[in-house]
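For reference, the structure is listed below as structure tokens.
2 protein chains.
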Amino acid sequence: MSGGWVAIVGLGPGAGRMMTPEVADTLAQASDVIGYLPYVARIAPRAGLTLHASDNRVEIDRATHALELAAAGGRVVVVSSGDPGVFAMAAAVFEALEAGPAAWRDLDIRVLPGITAMLAASAAAGAPLGHDFCAINLSDNLKPWDLIERRIALAAEADFAIAFYNPRSRARPDGLDRAFAVLRDTCRDRRPVLFARAVTTPEQALRIAALPEARGDMADMRTMVIIGSSRTRTIDRAGGPLLYTPRSAL
Amino acid sequence: MSGGWVAIVGLGPGAGRMMTPEVADTLAQASDVIGYLPYVARIAPRAGLTLHASDNRVEIDRATHALELAAAGGRVVVVSSGDPGVFAMAAAVFEALEAGPAAWRDLDIRVLPGITAMLAASAAAGAPLGHDFCAINLSDNLKPWDLIERRIALAAEADFAIAFYNPRSRARPDGLDRAFAVLRDTCRDRRPVLFARAVTTPEQALRIAALPEARGDMADMRTMVIIGSSRTRTIDRAGGPLLYTPRSAL
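Heads up: the sequence lines are chains A and B, in that order. Residues in the first sequence are numbered consecutively from 1, following the numbering used here. Residues in the second sequence are numbered consecutively from 1001, following the numbering used here.
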């Protein structure tokens, strides 16, 4: 029982050069790594390390498994892409902790942050999140779609830049088009929309469209979508456009 | 003229273990480091490296200086705490770029992300940003205070968790109390408010207060404030409370 711990870590957006040393050191001490298959695939196998890869949509099972292994003395690392606290495994582990045996609350549990996708996408394009902004998960697995639409409309009314996580899924192919329709109703301008695919990987591709021309099929499951605020600007350059939101709203 | 570049980098929240290898490698190649004095103080001096530390509120001068040095062949790193794209130097550099000589647009300019303060604060406390959230800069240097209040009210209406950057300043000691008043009017519940001071440094201190009891003087200039959504929960433990927002809003 003694000596076990759980570290819920963020691997960053993809490139190894963006994983923090804290996360790398913690992975080096692990007995078990738990996570969604494509994220576990980023961890190099070694003697003494068991890799537990699971399918998507079983976050609570995965979280419970991590806590059970730690309670039995395991040095358990739960991996997410990006940051573990942003639409990722940290909340799932705490849900499992709250629902589980009281003894689990004595476990050593740490969350180690990572570079979340919107920061990597923003950096790749310039600085579209340079003024007030929000992050909305477009997946409607765990919330009603009308709440998502209401939240998008209020975010546009507040003139936030908006980062959409999980903009597309096989189960809900029209969600992003419906989100753009809400934005067009609320915004009525030509603000830029960034489609940032597979950021920091060799497949990275950036595309900018004005809101009236933005379409759901410009994104896939590896795309981060960032909608500018009313003040977001584009600087044209030979090397490709830069997108940024000025600091001032005066 | 040839060979110059500008990298606008995030040093992370404070601890060296949270700076990405990409940023560390880029600093090792720099001829010049430019930034606000306490951030430049985090860079080790070495032969061949000139450190340019400046006071706060001169971001545009600093950004222009960086572009001038790069145009003259310098390998220039502009440093921010946290992430450079979140209420930091990246937007200032692009403002200076847009206002400057056309030739500057041919410069090699990169933004290298870092762990922004809200991610580090969230990780230290649990996962309060585990569902939709927003980030609002409470500084009214560059926007009117009534816009800040309107944005806070809309964010609460959308039921975002809310991260406040720059919650207090000497020039505006009552801003955070006014922000809490707006939230109390809109929310009318006892949602938790996290005060996370000097996160990841030896002076780290976390405090949680229910919204009705939250006061502006619980924060100082080194504090990140995160207000939970209506669903944010606290798990009591011998080792200190954990704060998290469940993934589901069903």
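C-beta atoms are modelled at their ideal positions from N, C-alpha and C, and glycine is treated no differently. Bear in mind the structure is a predicted one, so any value in this text is a computation, not a measurement.
Practice problem: Tell me, please, which residues DSSP counts as bridged to ASP1256 (chain B). | Solution: The structure shown does not extend to residue 1256 (chain B), since chain B spans only 1001 to 1250, so no value can be given for it.
Quiz item: For THR1050 (chain B), which beta-bridge partners are listed by DSSP?
Solution: The sequence position of residue 1050 (chain B) within the second sequence is 50, counting from 1. In DSSP, THR1050 (chain B) forms a bridge with B:ASP1032.
Quiz prompt | Inter-residue spacing [alpha-carbon to alpha-carbon] between MET1001 (chain B) and GLY1073 (chain B) | solution = As a first step, residue 1001 (chain B) must be located in the second sequence, where it is residue number 1. As a first step, residue 1073 (chain B) must be located in the second sequence, where it is residue number 73. Low local confidence applies: a pLDDT of 45 at MET1001 (chain B) is under 50, so the model's placement there is unreliable, and no value is given.
Quiz item: Given a limit of 7 Å on CB to CB distance, which residues of the segment 188 to 200 of chain A reach chain B?
Solution: Residues of the segment 188 to 200 of chain A whose Cβ lies closer than 7 Å to any Cβ of chain B: none.
Quiz prompt | Positions along the segment 1053 to 1067 of chain B whose CB lies within less than 8 Å of some CB in chain A | solution = GLU1059
Self-check item: DSSP beta-bridge partners of ILE43 (chain A)
Solution: Residue mapping note: residue 43 (chain A) aligns to position 43 of the first sequence, counting from 1. Note: ILE43 (chain A) sits in no beta bridge, so no partner.
Quiz prompt | Residue span of the beta strand (DSSP E) that contains ILE205 (chain A), given as start and end | solution = On the first sequence, position 205 is the one that residue 205 (chain A) refers to. Just to set this straight, residue 205 (chain A) is Ala in the shown sequence, not Ile. Looking at the DSSP string, the run of the beta strand (DSSP E) that includes ALA205 (chain A) is 205 to 210.
Quiz item: So LEU138 (chain A) packs on PHE164 (chain A), CB below 8 Å; how close in whole Å?
Solution: Residue 138 (chain A) sits at position 138 when you count from the first residue of the first sequence. Residue 164 (chain A) sits at position 164 when you count from the first residue of the first sequence. With a Cβ gap of about 5 Å, LEU138 (chain A) and PHE164 (chain A) count as contacting.
Quiz item: Between which two residues does the beta strand (DSSP E) containing ALA196 (chain A) stretch?
Solution: Within the first sequence, the letter at position 196 stands for residue 196 (chain A). From DSSP, the beta strand (DSSP E) with ALA196 (chain A) extends over 192 to 197.
Exercise. Alpha carbon to alpha carbon, how far is ASP106 (chain A) from ALA1238 (chain B)? Give it in angstroms, no decimals.
Key: In the second sequence, residue 1238 (chain B) corresponds to position 238, counting from 1. In the first sequence, residue 106 (chain A) corresponds to position 106, counting from 1. Answer to the nearest angstrom: the Cα atoms are 7 Å apart.
Quiz prompt | Partner residues on chain A for VAL1086 (chain B), Cβ-Cβ distance less than 9 Å | solution = Counting from 1 along the second sequence, the entry for residue 1086 (chain B) is found at position 86. Residues of chain A passing the Cβ test: LEU119, SER122, ALA127, LEU129, GLY130, PHE133.
Exercise. Using three-state DSSP, classify ALA1201 (chain B) as helix, strand or coil.
Key: Position 201 of the second sequence, counting from 1, holds the residue named residue 1201 (chain B). Per the sequence shown, residue 1201 (chain B) should be read as Thr rather than Ala. Coil.
Quiz item: Between which two residues does the beta strand (DSSP E) containing PHE133 (chain A) stretch?
Solution: By one-based count along the first sequence, residue 133 (chain A) stands at place 133. From DSSP, the beta strand (DSSP E) with PHE133 (chain A) extends over 133 to 137.
Self-check item: Residues of the segment 153 to 167 of chain A with Cβ closer than 7 Å to any Cβ of chain B, in chain order
Solution: LEU154, ALA155, GLU157, ALA158, PHE160
Exercise. Compare the C-beta of LEU211 (chain A) against all C-beta atoms of chain B and say whether one is closer than 8 Å.
Key: Taking the first sequence and counting its residues from 1, one reaches residue 211 (chain A) at position 211. No, LEU211 (chain A) lies away from the interface with chain B (no Cβ there is under 8 Å from its Cβ).
Quiz prompt | Proximity below 8 Å, CB of GLY85 (chain A) to CB of VAL58 (chain A) | solution = Numbered from its first residue, the first sequence carries residue 85 (chain A) at position 85. Numbered from its first residue, the first sequence carries residue 58 (chain A) at position 58. For GLY85 (chain A) and VAL58 (chain A), no; Cβs fall outside 8 Å.
Practice problem: Closer than 6 Å by C-beta to ILE1109 (chain B): which residues in its own chain qualify, once you throw out the five before and the five after it? Chain order, please. | Solution: One-based indexing of the second sequence puts residue 1109 (chain B) at position 109. Its chain contains VAL1006 as the residues whose beta carbon lies nearer than 6 Å to that of ILE1109 (chain B), once the 5 sequence neighbours on both sides are disregarded; these appear in chain order.
Quiz item: Quick one: does VAL111 (chain A) have its CB under 8 Å from some CB of chain B?
Solution: Residue 111 (chain A) sits at position 111 when you count from the first residue of the first sequence. Yes, because at least one Cβ of chain B sits closer than 8 Å to the Cβ of VAL111 (chain A).
Quiz prompt | Short-range partners of chain A found in the segment 1093 to 1104 of chain B, where Cβ spacing is below 9 Å | solution = VAL1093, PHE1094, GLU1095, LEU1097, GLU1098
Quiz item: Any idea what DSSP makes of GLY175 (chain A), helix, strand or coil?
Solution: In the first sequence, counting from the first residue as 1, residue 175 (chain A) sits at position 175. In the structure shown, GLY175 (chain A) sits in a helix (DSSP, three-state: H, G or I).
Quiz item: The alpha helix (DSSP H) with ILE148 (chain A) in it runs from where to where?
Solution: Within the first sequence, numbered from 1, the residue matching residue 148 (chain A) stands at position 148. Start and end: 145 to 157.
Quiz item: Who are the neighbours of ILE1235 (chain B) on chain A, taking C-beta pairs under 9 Å?
Solution: On the second sequence, position 235 is the one that residue 1235 (chain B) refers to. For ILE1235 (chain B), the neighbours in chain A by C-beta distance under 9 Å run, in chain order, PHE94, LEU97, GLU98, ARG105.
Quiz prompt | Cβ of ASP1083 (chain B) within 8 Å of any chain A Cβ | solution = By 1-based counting over the second sequence, the position of residue 1083 (chain B) is 83. True, the Cβ-Cβ gap to chain A drops below 8 Å.
Quiz item: For SER81 (chain A), which of helix, strand or coil comes out of DSSP?
Solution: The sequence position of residue 81 (chain A) within the first sequence is 81, counting from 1. The answer is coil: DSSP assigns SER81 (chain A) none of H, G, I, E or B.
Quiz prompt | PRO1101 (chain B) classed as buried or exposed, judged by whether at least 16 other C-beta atoms fall within 10 angstroms | solution = Here residue 1101 (chain B) refers to the residue found at position 101 of the second sequence. With fewer than 16 other Cβ atoms within 10 Å, it is exposed.
Exercise. Take GLY1010 (chain B) and list the residues in its own chain whose beta-carbon comes closer than 6 Å to its own, dropping the five residues that flank it on each side.
Key: Sequence index remark: in the second sequence, residue 1010 (chain B) carries index 10 (1-based). For GLY1010 (chain B), where only same-chain residues beyond five positions count, the Cβ hits under 6 Å are SER1080, GLY1082, ASP1083, PRO1084, PRO1113, GLY1114.
Self-check item: Selected residue, minimal CA-CA separation from ALA256 (chain A), among A:ASP189, A:ASP177, A:TYR39, A:ASP25
Solution: No information on residue 256 (chain A) is available, as it lies outside the stretch 1 to 250 that chain A covers here.
Self-check item: Check whether PHE180 (chain A) and CYS1134 (chain B) have beta carbons under 8 Å apart
Solution: The residue you call residue 180 (chain A) lines up with position 180 of the first sequence. The residue you call residue 1134 (chain B) lines up with position 134 of the second sequence. It is not a contact, given that the beta carbons lie outside the stated cut-off.
Quiz item: In chain B, what lies closer than 9 Å to ARG151 (chain A) by C-beta?
Solution: Translated into positions along the first sequence, residue 151 (chain A) becomes position 151. Those are ASP1132, ALA1158, ASP1159, PHE1160, listed as they occur along chain B.
Quiz item: Near TYR39 (chain A), which residues of its chain fall below 7 Å by C-beta distance, leaving aside the five closest residues on each side in sequence?
Solution: Residue numbering aside, residue 39 (chain A) sits at position 39 when the first sequence is read from its first letter. So the list reads LEU11, VAL79, SER80, SER81, once near-sequence residues are dropped.
Quiz item: For ILE1060 (chain B), which of helix, strand or coil comes out of DSSP?
Solution: Taking the second sequence and counting its residues from 1, one reaches residue 1060 (chain B) at position 60. Looking at ILE1060 (chain B) - three-state DSSP - the assignment turns out to be helix.
Practice problem: Could you check what DSSP says for LEU251 (chain A) in three-state terms: helix, strand or coil? | Solution: Lying outside 1 to 250, the shown extent of chain A, residue 251 (chain A) is not represented and no answer is given.
Quiz item: Can a CB atom of chain B be found closer than 8 Å to the CB of TYR244 (chain A)?
Solution: Against the first sequence, residue 244 (chain A) aligns to sequence position 244. Chain B contact via Cβ: present.
Self-check item: Residues in the segment 71 to 82 of chain A having any Cβ partner in chain B nearer than 9 Å
Solution: none
Quiz item: Between GLU1157 (chain B) and THR1186 (chain B), is the Cβ-Cβ spacing less than 8 Å?
Solution: On the second sequence, position 157 is the one that residue 1157 (chain B) refers to. On the second sequence, position 186 is the one that residue 1186 (chain B) refers to. For GLU1157 (chain B) and THR1186 (chain B), yes; Cβs fall inside 8 Å.
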